[in-house]
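Working notes for the structure below.
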Amino acid sequence: MSVLVLGGTGYIGSHAVYQLIDQDEKVIVIDNLETGHLEAIHPNATFYQGDIRDIDFLRKVFKAEPIHSVLHFAANSLVGESMENPLKYFDNNVHGTQVLLKAMTEYGVKKIVFSSTAATYGEPKQVPITEEMPTLPTSTYGETKLTMEKLMKWCGIAHGIRYVSLRYFNVAGARETAEIGEDHQPESHLIPIVLQTALNQREHVTIFGSDYNTDDGTCIRDYIHVEDLIAAHLLALDYLNNNGSSDIFNLGSSKGFSVKQIVETARKVTGNEIPVKYGPRRPGDPSVLIASSDKAREILGWIPERTHITKIVEDAWRWHSTHPLGYRTEGTS
Ligand code: UDP
6 MSVLVLGGTG YIGSHAVYQL IDQDEKVIVI DNLETGHLEA IHPNATFYQG
56 DIRDIDFLRK VFKAEPIHSV LHFAANSLVG ESMENPLKYF DNNVHGTQVL
106 LKAMTEYGVK KIVFSSTAAT YGEPKQVPIT EEMPTLPTST YGETKLTMEK
156 LMKWCGIAHG IRYVSLRYFN VAGARETAEI GEDHQPESHL IPIVLQTALN
206 QREHVTIFGS DYNTDDGTCI RDYIHVEDLI AAHLLALDYL NNNGSSDIFN
256 LGSSKGFSVK QIVETARKVT GNEIPVKYGP RRPGDPSVLI ASSDKAREIL
306 GWIPERTHIT KIVEDAWRWH STHPLGYRTE GTS
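In short: position in the sequence shown from 1, add 5, done, that's my numbering.
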């Protein structure tokens, strides 16, 4: 039997494929390669290129492969873009998941681990954020992920599909051996931008806002190592395989770091100067986002082992410094 990974050529999905194969699982990858990278696919995975909105394509894969469960990472995930082009997000994220659930229902596949987000909560009234807190997304992206969770809930009631939805906080780092890592075009995330500046690919980092109500005036986020994040997905699969009922879990470190602290950590790790400039706040950025992940620890038995900010930046640096142009350096560096 195989695990189907949707979006398995992206940053987070590719790390899932590698860990599943480390655990001797048979892995099927689906990706439309719109934002992912062919080079990120593990050589032992079976790859089908196609779009999850294409029911005939999904039927072909579900018919050909003995799939017992699904990890769903296939989605657009840029907050800014989602505000400019909401229909793109509803179409790919929500409609795509609708078609996927239809195929799963038709082929009797009843287990799914889903990639959700802290953006489902919006601006929190207090931190750390627990799973019981209200979900009031402030972006189309967050709204689509919340809607995808609801699609799974109602398909669970009607068709017996069981899901685990994992709400990620700030995912960063890379596989320790650095054969895969983060490569977005264009890049918008803080840690890759800081490290590209360390590589002199950018003149400076622009810090978005220095007048937040935090100790140093810059935003605070909860950074989690991508490998720990994926470890939680594998535990979620075990949980569903052991008849666990559908549930939602936050994945974070329960610790916050400011933008300035991230730059400082990267200066220490890389030994480079990393110039900064201060710019205006980025619209929609909450000042502080910190997860309570007690529920994942208690119910899934999750112990994040690599989630220390220096380790996260070190592993990300290993990837960026050996792949300064991301996957475009493959075979040429
Ligand atoms: N940020 C920044 N400059 C950048 C990119 C990000 O100051 O060039 C800040 C951003 O405002 C946020 C934090 O870094 O407070 C993390 O942003 P990122 O885009 O990495 O993740 P998000 O929190 O939006 O999911």
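Note that CB positions come from ideal geometry on N, CA and C, so glycine has one too.
- Contact between histidine 230 and arginine 286 is absent: CB atoms are separated by about 27 Å, not below the 8 Å threshold.
- Within the same chain, and ignoring the five residues on either side of tyrosine 217 in sequence, the residues whose Cβ sits closer than 7 Å to its Cβ are Thr223, Cys224 and Ser292.
- Alanine 236: member of the alpha helix (DSSP H) spanning 231-246, first to last residue.
- The residues Pro329, in chain order, have a CB closer than 6 Å to that of leucine 204 in the same chain once the five nearest residues on each side in sequence are set aside.
- Buried is the label assigned to methionine 153, since at least 16 other Cβ atoms lie within 10 Å of its Cβ.
- Closest option to methionine 138, judged by alpha-carbon separation, among Thr219, Ser251, Asp29 and Asn255: Asn255.
- For isoleucine 134, the Cβ stays outside the 7 Å cut-off from all heavy atoms of the ligand UDP.
- For threonine 219, the closest C-alpha among the options Gln266, His194, Ala241 and Tyr146 is that of Gln266.
- Around the C-beta of tyrosine 146, 16 or more other C-beta atoms lie within 10 Å, and the residue is accordingly described as buried.
- Per DSSP, alanine 80 has no beta bridge partner at all.
- Relative to the non-hydrogen atoms of the ligand UDP, the Cβ of isoleucine 314 never comes closer than 7 Å to any of them.
- When distances are taken from the beta-carbon of isoleucine 198 to the heavy atoms of the ligand UDP, the shortest one is below 7 Å.
- Within the chosen limit of 7 Å, the ligand UDP does not reach the beta carbon of threonine 143 with any heavy atom.
- For the 8 Å CB-CB criterion, tyrosine 53 and isoleucine 185 do not form a contact.
- Under the 8 Å Cβ criterion, the segment 277-286 does not count as touching the segment 234-250, having fewer than three qualifying pairs.
- For arginine 172, the shortest C-beta to heavy atom distance toward the ligand UDP is 7 Å or greater.
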